[in-house]
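Enquirer: Going by full-length UniProt numbering, the sequence shown opens with residue 1, and the numbers climb by one from there. Ideal Cβ positions, reconstructed from N, Cα and C, are used throughout, including at glycine. On a predicted model such as this, the values are computed, not experimentally measured, just so you know.
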Amino acid sequence: MRKLILIIAIMSGLLISAQIGIKTESPKAILDVNGDMNLRGKLSVLNVTNNTIPEATNDQILVSQGEGYPPIWKSLRIPDYEQNKFFLIYNNSFSDRNGVEFSFSEESSNGSTISTSLIQNANISTLNLFKKIPLLSQTFEVYSEQSKTYFQFETVVHADFLGNQSNTDQSIDYGCGIFVDNKLANMRLGNIKASSANYPFLTHNQIGMIGNLSKGNHSISVACARLKSYNTEARLGIGINVASNIDSFITQSSLRIDVYEVPQVFNTIIN
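1. Please tell me whether Asn-47 and Pro-70 are closer than 9 Å, where the distance is taken between their beta carbons.
2. Please look up how many angstroms separate the CB atoms of Phe-153 and Ile-124, rounded, as I've assumed it's under 8 Å.
3. Excluding sequence positions up to five away, which residues of its chain have a Cβ less than 8 Å from the Cβ of Pro-27?
4. Would you please state the rounded distance, in angstroms, between the beta carbons of Lys-148 and Met-187? I believe it to be under 8 Å.
5. Considering Cα atoms alone, identify which of Asn-98, Leu-255 and Asn-110 is closest to Phe-249.
6. Based on DSSP bridge pairs, tell me the residues matched to Gly-216.
7. Specify the secondary structure class of Phe-153 as computed by DSSP and reduced to three states.
8. When you compare only the Cα positions, how much space is there between Gly-68 and Leu-43?
9. Answer with buried or exposed for Gln-120, where buried requires no fewer than 16 other C-beta atoms within 10 angstroms of its C-beta.
10. Jot down the residue ranges of each uninterrupted beta strand (DSSP E) in the region 20-106, minimum 3 residues, whole runs only, in chain order.
11. On the DSSP bridge list, what partners appear for Thr-232?
12. Indicate the three-state DSSP secondary structure (helix, strand or coil) for Ser-108 in the structure shown.
13. Compute the Euclidean distance between the alpha carbons of Lys-215 and Ala-29, then round it to the nearest angstrom.
14. Does the count of Cβ pairs from the region 128-138 and the region 185-201 closer than 8 Å reach three?
15. Can you tell me whether Thr-203 is helix, strand or coil according to DSSP?
16. Figure out for me which residue from Val-142, Tyr-174, Leu-202 and Ser-171 has the closest Cα to the Cα of Glu-261.
17. Tyr-150: which of Phe-86, His-158, Gly-211 and His-218 sits nearest, CA to CA?
18. Exposed or buried, which one is Asp-160 when buried takes at least 16 other CB atoms within 10 Å?
19. Based on the DSSP output, what are the partners of Ser-248 in its beta bridges?
20. Any idea what DSSP makes of Ile-133, helix, strand or coil?
21. Is the beta carbon of Ser-254 sitting closer than 9 Å to the one on Phe-94?
22. Where DSSP assigns a beta bridge to Gly-239, which residues make up the other side?
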């Protein structure tokens, strides 16, 4: 009897440690099922963070964490979409404290050809001395053929009129453009003028929209230029301070992107 119990115990250990195949003679995992599986009871997985074995709640699915890690339960939330209605599919915002600075010699030749050069879909490569604000260059994706992409750009324009504030006839024209795939989608012009206050600054805000971008990835960027100077050789900063009366926290730039789409066929879930 003792020998029989010992043999059964050894065989049980072998069975526990061996790979088990159902409808396959060469299992590739501890349990390898070659066919359909119907689970009638509960399914639990180990949570390695607290060493518990939780059960899923209603509408949760198992999500892989990659090789060597156990799967985890995740809630799957799929919104209801109405036919032919726009829904917010993508939303994000970005900030930048680097900005762009212009000396008197960095004046764009487009200042004298505004009506013919700063036109819709103008490629940024054709524009003179337009500088991109570094961290506002980003990418986003469009999933539908029917879409509206809105963007809002805000920054602070700062000028150092070389301490000659008594001459209030000094001013600088500037322009900022929002580019999608390096093509001009929105442009706003402005002017900063000397006053009795030292080192004037102003808030620049622009909102634009582009419709029905092609499906896929797109780039967005913001670029600005010094267009014309009047009676001054002052430095100009857009998104950056050029004097100590304000700092980079005050002058920082921000860009917000909202993509509204009429949902069509979305990417399928793949393994």
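Expert: On the basis of the data shown:
1. Contact flag set, yes.
2. So it is not a contact: roughly 15 Å between Cβ atoms.
3. Gln-19, Ile-20 and Gly-21.
4. Incorrect: roughly 19 Å between the Cβ atoms, too far for contact.
5. For Phe-249, the closest alpha carbon among the candidates Asn-98, Leu-255 and Asn-110 is that of Asn-98.
6. According to DSSP, Gly-216 bridges with Val-142.
7. The answer is strand: DSSP assigns Phe-153 an E or B state.
8. Their backbone Cα atoms lie some 19 Å apart in a straight line.
9. With fewer than 16 other Cβ atoms within 10 Å, it is exposed.
10. 20-22, 31-33, 60-63, 72-75, 87-96 and 100-102, all fully within the region 20-106.
11. BP columns for Thr-232 are empty, so no partner.
12. Three-state result, Ser-108: coil.
13. Taking C-alpha positions only, Lys-215 is separated from Ala-29 by approximately 40 Å.
14. The region 128-138 makes no contact with the region 185-201; the number of CB pairs closer than 8 Å stays below 3.
15. In the three-state reduction of the DSSP assignment, Thr-203 falls in the strand class, which pools E and B.
16. Just measuring C-alpha positions, the residue of Val-142, Tyr-174, Leu-202 and Ser-171 sitting nearest Glu-261 is Val-142.
17. Nearest option by C-alpha distance: Gly-211.
18. Burial check for Asp-160: the Cβ neighbour count within 10 Å reaches 16 or more, so the residue is buried.
19. Bridge pairing for Ser-248: absent [DSSP].
20. Under the three-state reduction of DSSP, Ile-133 is assigned to coil, being neither helix nor strand.
21. Yes, they are a contact pair.
22. Gly-239 pairs with nothing; no bridge assigned.
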